[in-house]
Every structure is written in C-alpha cells, then in structure tokens.
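Heads up: the sequence shown at position 157 corresponds to 157 in full-length UniProt numbering, and the numbers run straight through without jumps. Ideal placement from N, C-alpha and C gives every residue a C-beta, glycine not left out. Keep in mind the model is a prediction, meaning the values are calculated, not measured. So the structure is just underneath, and the comments pick up after that.
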Amino acid sequence: MFNKAKLGNWSAVLVALYALTIFGIWSLAEYVNVNLAGLPIKRMASKQDVQTALDVKKLFPVWVASSERGGEVTAEGSVEQLFKAAPAVAESPAPTAQPDYAALLASRLVLDSITASGAFINGKFYRVGEGVTDFEYPLHGKQIIPVLERLGPKSVFIVHGARRIELSL
1 MFNKAKLGNW SAVLVALYAL TIFGIWSLAE YVNVNLAGLP IKRMASKQDV
51 QTALDVKKLF PVWVASSERG GEVTAEGSVE QLFKAAPAVA ESPAPTAQPD
101 YAALLASRLV LDSITASGAF INGKFYRVGE GVTDFEYPLH GKQIIPVLER
151 LGPKSVFIVH GARRIELSL
C-alpha cells in the first residue's frame, strides 16, 4: 500500500518543514525586535544629584523662630504648658474592708431539720447553746464561734458576736 521510496523522501520533507518553521519564527522575532527598537522612546539618562550645604535660616524663615536666649521659650497657655507633667500625689493605702461575716454565714449555713433539743445544720446536729464550730472565723484577733441560740417552729437563730442570723426551713 505504501511505497518505501516515498517514505524515505517523506522524512526529508519533515526535516525541511521543521527547518522552515524555525526559520520563520526567527524571522518574525527579528522583525518584531527591529520595529520595537524603532519606536520613539526617550531613554532616561542617569544623573547623580550633588548635595549643597543649605542655610537653615533661609530654608525655613516662616516655620522656625530662632531664640536669642539659651533657655526654653514658653508662652502662657501654650501647648507645652498644657502637657506639663503634674506633680505626683502621694497615695495612702486604702483601708482594707472587713468581710461581712453575717452574710457569709447566712449563705453557707443550711437548716436541714429541727428537733426538740437542737437542729441539723449542714447535715450535722447542734444543741441549743452549743457553738457551730465548723463555721468559726477570726475577728479582731480572736476566734468567733457562732452559737445556736434558740429554736422556732420553722426557723432557728444563730448568734455570732453582736449579730444574729435566722435560718429557715
């Protein structure tokens, strides 16, 4: 079906076609480069700026007012006076507030039940006149023990120091 002689020439045709394609691409690139080089573009010339000494008084005649005196010039009511540091005020330590033990006891004590001779408070039995030793606290250098003072039908009274707490069922 295929002729071997024609196939041999075919590879030569492919090589020639590749060479022609490469030459065409190179020619096109050369044409584009020549046209781009011909565009009227001004080239920047690099130049080194030379610094000259400037007279500061001539440079800022409006903004800078020179002072003849060696000291600092501040007018009354100027910005410097507004932000002047105030002298530090000596702070005295704040008195420590004593905790309100009545409120603390009332919040922690729970009346469980009442009997004829005492009451169950926080799961423990205390007789009338007996100290609730689980809730003693220090006050002015001595230990204060709350005491179960009296019983009511649905409440008990606990005395600690000069204060009294009522616990209800």
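Between the options, which lies nearest to residue i when the distance is taken from Cα to Cα?
i, options, result
"residue 116", "127, 107, 12, 20", "127"
"residue 199", "114, 136, 33", "Residue 199 lies beyond the residue range present for the chain, which begins at 1 and ends at 169; the question has no answer from this structure."
"residue 140", "133, 120, 99, 164", "99"
"residue 151", "134, 144, 130, 107", "130"
"residue 109", "88, 97, 166", "166"
"residue 124", "148, 44, 87", "148"
"residue 153", "111, 18, 133", "111"
"residue 156", "79, 121, 133, 137", "121"
What's the C-alpha gap between residue i and residue j?
i, j, result
"residue 31", "residue 11", "30 Å"
"residue 142", "residue 107", "22 Å"
"residue 162", "residue 104", "15 Å"
"residue 14", "residue 41", "43 Å"
"residue 9", "residue 34", "37 Å"
"residue 87", "residue 94", "21 Å"
"residue 1", "residue 23", "Unreliable positioning characterises residue 1 in this predicted model, as indicated by a pLDDT of 48, which lies under 50. A coordinate reading is not provided."
"residue 146", "residue 97", "21 Å"
"residue 38", "residue 28", "16 Å"
"residue 118", "residue 102", "21 Å"
"residue 26", "residue 18", "12 Å"
"residue 144", "residue 136", "5 Å"
"residue 83", "residue 89", "17 Å"
"residue 43", "residue 85", "59 Å"
"residue 36", "residue 16", "30 Å"
Residue i bridges to which residues according to DSSP?
i, result
"residue 160", "163"
"residue 138", "143"
"residue 126", "119"
"residue 114", "119"
"residue 151", "156"
"residue 131", "147"
"residue 168", "155"
Alpha helix (DSSP H) containing residue i: first to last residue?
i, result
"residue 103", "101–108"
By the DSSP assignment, the beta strand (DSSP E) with residue i in it spans what residues?
i, result
"residue 92", "Neither: residue 92 is in no beta strand (DSSP E) and is coded neither H nor E."
Any beta-carbon of chain B closer than 8 Å to the one on residue i?
i, result
"residue 102", "Of the protein chains in this structure there is only one, and it is not chain B."
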